[in-house]
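In the working numbering, the protein residues as written are 48 to 216. Since the structure comes first, as structure tokens, the remarks are kept for the end.
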């Protein structure tokens with residue numbers, strides 16, 4: 048079934064236009080925690096470690112990734128032996144079976160940029176679908192992290208990818 052999802056994805060530099068588009072994304076339900084503010088000083092930026100994930104043919108953004116401090120949830124300490132990873136997908140694509148294709152593009156880029164460094168990601172603990180995906184991708188759950196985020200108490204599952212052997216290309 049072709050629902051408009053791109054056949055090929057590319058990870059490219061994040062533009063101001065991308066940031067404005069991402070700031071307009073509004074997630075429903077428990078995903079609301081990820082909504083950005085609309086003010087220009089709240090916009091994500093390439094300077095903050097953001098990259099766009101886009102349709103390779105049309106350059107239409109379908110999501111983003113970020114690394115480093117921007118990828119860490121409140122209270123999660125930096126670990127200099129790992130790359131922290133955060134991702135976001137346009138809400139129109141969430142829950143439609145495109146997560147593995149999206150994540151494969153992200154991990155391919157991270158392998159290029161950080162070939163031997165473990166990757167740490169956090170997933171809201173209630174999100175069983177995303178937790179299954181990170182396990183399929185080779186991440187191992189290492190515990191939980193509790194924090195206050197946007198005034199809400201949130202529990203995350205911390206997952207680490209330590210080996211890139213036999214992962215999707």
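Quick reminder that beta carbons are idealized off the backbone N, C-alpha and C, glycines included. As the structure is a prediction and not an experimental result, all values here were calculated from the model.
Across the set 144, 160 and 107, the C-alpha of 160 shows the shortest separation from the C-alpha of residue 131.
Residue 72 sits close to residue 138, with the two beta carbons spaced by under 7 Å.
When the five nearest sequence neighbours on each side are left out, the beta carbons in the same chain lying within less than 8 Å of the beta carbon of residue 156 are those of 58, 98 and 112, in order along the chain. Around residue 147, the same chain offers 180, 183, 184 and 215 as residues with beta carbons nearer than 8 Å, after the five sequence neighbours per side are excluded. Judged by DSSP secondary structure, residue 184 falls outside any beta strand (DSSP E); it is assigned neither H nor E. Rounded to whole angstroms, residue 65 and residue 92 show a C-alpha spacing of 9 Å. Annotation for residue 154: no beta strand (DSSP E) segment contains it, though the alpha helix (DSSP H) segment containing it runs 146–160. Under DSSP, residue 102 takes part in a beta bridge, and its partners are 56.
DSSP places residue 64 in the uninterrupted alpha helix (DSSP H) bounded by 63–71.
Out of 187, 197 and 151, the CA that lies nearest to the CA of residue 56 is found in 151.
In this structure residue 109 does not touch residue 103 by the C-beta definition: roughly 11 Å separates them, more than the 8 Å allowed.
195 is the residue among 208, 209, 207 and 195 whose C-alpha sits nearest the C-alpha of residue 122. In this structure, 205 is the residue among 127, 205 and 168 with its C-alpha nearest to the C-alpha of residue 191.
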